[in-house]
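Participant: Chains as they are written, first to last, in the working numbering: chain A, 2 to 173; chain B, 2 to 584.
Just so it is clear, CB atoms sit at the ideal spot from N, CA and C, and this is done for glycine as well.
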């Protein structure tokens, strides 16, 4: 069985988070960041954004505008492990696209999807693959971050090995 | 102050932008995203000029002039930069101008031509194709045609305070979105169509019903009736190549007849009817301690706005249907009965300056005539019909006229048909902000006091001020009234009501700037100057009428004597009044 996706962060939890940041600079960003973090699937659902919008009196569209602008925010449930592939110029020349193209399909990601939407979660909810414009680690390119740990000079065999290791670790 | 433009020293007013300063001395700097009074997003880079001392080219729409400024608007650097900026927009813009709704009325198309761009130089950079948003009954959005100028976002949030749309995403993925891309039909959009009016391309257009109307016109079994809103006669001329605000009532009627409509009727007739019902409702509320202030209910954008944003105040709305809906209900009951036509064969087409009217006509409660006949004719749900079958905007009617080869400069001036075509000067005022108020006051005064009004012109409620106020002395009973246009101003009056500080007895609200004459279905362009011209024509049409008070309309009196019996009576209740929905 795949883990059940639960989208709702209880309203009372959101209330507490809002109280913490109310009337402080960057209130909306801080609130959204923490609300996302508290969700086990690390994302902002439509319901959650609606609640935050009403409570902060920020229009729905403006919240959506902010949430889609920053790549940090996720609007879809995230997998248990995150794989972030750098798509900066240096990593690109060292084959980061090939890396996506080779590893993506093994995890169930279609090549067309890589082209259009660089955020994909595997059907078993285990991995989410995303891209980033640049990690700033160009000397080590190509660079991939798995669960927040940076791996340098990655090729597809190395990446698959890392993923196998991560998969066997129940507590990332 | 003195500035130099293209090597010539000129005297210009302080506080202007470079763009405005250039305009005052006869230089039109091209613009695309900029729209006077609406948007200074400064995103397109078309209006750039060279300023001595500045490192880069400056956007003239947001750069203020300063003493001794040296501006060049036509250097090679400026002209090439403008071209490149437009060419970059073209890279992602579809090249289907021939079949586009805004063909020959598109600012991007015009600019491409004006700047002498003769080939498509850059390939598409956007990777995904964004689908059309067809969720709304009134409007269709095609993000592929969007150039991200931000005008629609500006009118929606600033003029209307609705905020149904905003930018989403970043970089190449930037687009105009509703919340979670649910679509306009699924979010708090009032369907006002001001976004469509300011859109430079065809990224937002009305949902066209032209084909349905042609089909009805070509069906010999159908009796097709048309009604025209007050603001069509002062708008449609523009779309037919005449000067702004041309008053073309007679040519419009002649043109409609030549399109094949069986009867050409007038929404002004039911505007008069609205005044009788609404005037009596107001008097009733004043005399019997009803909910005050009472607010007008003719403007469907406003209705949806209050349903979304102030649902606890719905009791303040007049229960009167809008003139469009009263017409549909009366046409398929009274007129059907009088002429012996099967109401199932009557097709009511309205021509409205409004996109929200398309939504209004499909509100589930707008089927009074069906319920009127249901028992009498043993109708089943299969033969269900709405009171109004199709709603065309002014722009859609212009397209039909053009398709039909109508030439307004040669059409004779003809009269509306009877009996739903006779109207007073009061009715035509519905097309301008303050008009419903003035029309209602003309009638309410005389009905309430039993006296003849000494001066029928209520100048205090005329004009383009955002919120207008007046105090009326109803022979000893003094009432305060207010008139608001655009939803930003309506919101101010609603907040007063909810705070319990509203001093008014009666309030008129119109969704669009200037009232219906500036409606979202009117010809493009519509701007402050054009709205003023259209308003002048509205007041001229009122002035020219012999009868200028709704309750003196002989056909309305006949309608009450032979069908409705009395204002606010039983038939009125079922056919002319409605209820509202919390959203």
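For residue 68 of chain B, which of B:480, B:427, B:6 has the nearest alpha-carbon?
Facilitator: Considering only alpha carbons, the answer is B:6.
Participant: Check the Cβ-Cβ distances between residue 170 of chain B and every residue of chain A, and say whether any is below 8 Å.
Facilitator: Answer yes: the Cβ-Cβ gap between residue 170 of chain B and chain A drops below 8 Å somewhere.
Participant: Let me check understanding here. Comparing Cα to Cα, which of B:191, B:416, B:307, B:277 lies closest to residue 265 of chain B?
Facilitator: The candidate whose alpha carbon is nearest that of residue 265 of chain B is B:416.
Participant: Report buried or exposed for residue 494 of chain B, applying the criterion of at least 16 other Cβ atoms within 10 angstroms of its Cβ.
Facilitator: Counting Cβ neighbours within 10 Å, residue 494 of chain B comes out buried, since at least 16 surround it.
Participant: Might you give, ordered along the chain, the residues of its own chain that have their beta carbon closer than 6 Å to the beta carbon of residue 64 of chain A, omitting 5 neighbours on each side?
Facilitator: The answer, listed in chain order, is 50, 54.
Participant: Could you pull the start and end residues of the alpha helix (DSSP H) that residue 544 of chain B belongs to?
Facilitator: Element bounds for residue 544 of chain B: 529-545.
Participant: By DSSP, does residue 8 of chain B sit in helix, in strand, or in coil?
Facilitator: Coil, per DSSP.
Participant: Where do the N-terminal and C-terminal ends of the beta strand (DSSP E) with residue 486 of chain B fall, by residue?
Facilitator: Per DSSP, residue 486 of chain B belongs to the beta strand (DSSP E) from 478-486.
Participant: DSSP three-state label for residue 142 of chain B, please.
Facilitator: Correct three-state label for residue 142 of chain B: strand.
Participant: Across which residues does DSSP place residue 228 of chain B in a beta bridge pair?
Facilitator: DSSP, once it has assigned bridges, lists B:266, B:351 as partnering residue 228 of chain B.
Participant: Check each candidate in B:358, B:431, B:477 and name the one with the smallest Cα separation from residue 451 of chain B.
Facilitator: Taking only the C-alpha atoms, the option nearest residue 451 of chain B is B:477.
Participant: With a floor of 4 residues, list each alpha helix (DSSP H) that falls wholly inside the stretch 426-497 of chain B, ordered by position along the chain.
Facilitator: Qualifying alpha helix (DSSP H) stretches, in chain order: 426-429, 436-450.
Participant: What is the rounded straight-line gap between the Cα of residue 99 of chain A and the Cα of residue 157 of chain A?
Facilitator: Approximately 8 Å between the Cα atoms of the pair.
Participant: Between residue 165 of chain B and chain A, is the shortest Cβ-Cβ distance under 8 Å, so that the two count as touching?
Facilitator: Closer than 8 Å: yes.
Participant: Find the nearest neighbour of residue 12 of chain B within the set B:2, B:18, B:19, B:21, judged by alpha-carbon distance.
Facilitator: Answer by Cα proximity: B:2.
Participant: Taking 8 Å as the CB-CB limit, is residue 188 of chain B close to chain A?
Facilitator: It does: the Cβ of residue 188 of chain B has a partner Cβ on chain A nearer than 8 Å.
Participant: Do residue 188 of chain B and residue 167 of chain B have their beta-carbon atoms positioned less than 8 Å apart in this structure?
Facilitator: No, these two residues do not count as a Cβ contact at 8 Å.
Participant: Looking only at its chain, what residues have a beta carbon closer than 6 Å to the beta carbon of residue 349 of chain B, apart from the 5 residues adjacent to it on each side?
Facilitator: Only 226, 329, 332, 389, 390 meet the Cβ criterion.
Participant: Compute the beta-carbon to beta-carbon distance between residue 352 of chain B and residue 398 of chain B, rounded to the nearest angstrom, for a pair I have assumed lies under 8 Å.
Facilitator: Going by Cβ atoms, the distance from residue 352 of chain B to residue 398 of chain B rounds to 5 Å, so yes, they are a contact pair.
Participant: If you follow the beta strand (DSSP E) that residue 322 of chain B is in, where does it begin and where does it stop?
Facilitator: That residue, residue 322 of chain B, is in no beta strand (DSSP E); it is neither H nor E in DSSP.
Participant: May I ask which residues mark the beginning and end of the beta strand (DSSP E) holding residue 152 of chain A?
Facilitator: Where residue 152 of chain A is concerned, the enclosing beta strand (DSSP E) stretches over 150-152.
Participant: Could you have a look at residue 106 of chain A and say whether DSSP puts it in helix, strand or coil?
Facilitator: Reduced to three states, the DSSP call for residue 106 of chain A is helix.
Participant: Mind checking residue 132 of chain B: buried by the 16 CB within 10 Å criterion, or exposed?
Facilitator: With fewer than 16 other Cβ atoms within 10 Å, it is exposed.
Participant: State the start and end residues of the unbroken alpha helix (DSSP H) segment that holds residue 250 of chain B.
Facilitator: Residues 250-260.
Participant: Since residue 178 of chain B meets chain A, which of its residues come closer than 8 Å, beta carbon to beta carbon?
Facilitator: Those are 62, 65, 66, 69, listed as they occur along chain A.
Participant: Measure the C-alpha to C-alpha separation of residue 111 of chain B and residue 89 of chain A and round it to an integer number of angstroms.
Facilitator: Cα to Cα, the separation comes out at about 39 Å.
Participant: Which residues in the same chain as residue 117 of chain B place their Cβ atom closer than 8 Å to its Cβ, once the five residues preceding and following it in sequence are excluded?
Facilitator: Taken in chain order, the residues that qualify are 84.
Participant: Among residues of its own chain, excluding the 5 on either side of residue 269 of chain B, which ones have a beta-carbon nearer than 7 Å to its beta-carbon?
Facilitator: Excluding sequence neighbours, residue 269 of chain B sits near 231, 424, 428, 429.
Participant: Using a Cβ distance threshold of 8 Å, determine whether the stretch 114-129 of chain B contacts the stretch 74-88 of chain B, with at least three qualifying pairs required.
Facilitator: They touch, by the three-pair rule.
Participant: Quick one: using the 10 Å Cβ neighbour count with 16 as the cut-off for buried, is residue 552 of chain B buried or exposed?
Facilitator: It counts as buried.
Participant: Would you say the beta carbon of residue 303 of chain B comes nearer than 7 Å to a heavy atom of the ligand FMN?
Facilitator: Inclusion of the ligand FMN in the displayed structure is not the case, the ligand content being empty and no account of it being possible.
Participant: When the Cβ atoms of the stretch 432-445 of chain B are set against those of the stretch 511-527 of chain B, are three or more pairs found closer than 8 Å?
Facilitator: As far as the Cβ criterion goes, the stretch 432-445 of chain B touches the stretch 511-527 of chain B, which means the pair count is three or higher.
Participant: What's the C-alpha gap between residue 42 of chain B and residue 36 of chain B?
Facilitator: Each residue's alpha carbon lies about 9 Å from the other.
Participant: For the stretch 36-93 of chain A, which segments carrying the beta strand (DSSP E) assignment without a break, of at least 3 residues, lie completely within its bounds, in sequence order?
Facilitator: For the stretch 36-93 of chain A, whole beta strand (DSSP E) runs of length 3 or above, ordered along the chain, are 82-87.
Participant: How big is the Cα-Cα spacing for residue 453 of chain B and residue 162 of chain B?
Facilitator: The straight-line gap from Cα to Cα measures roughly 41 Å.
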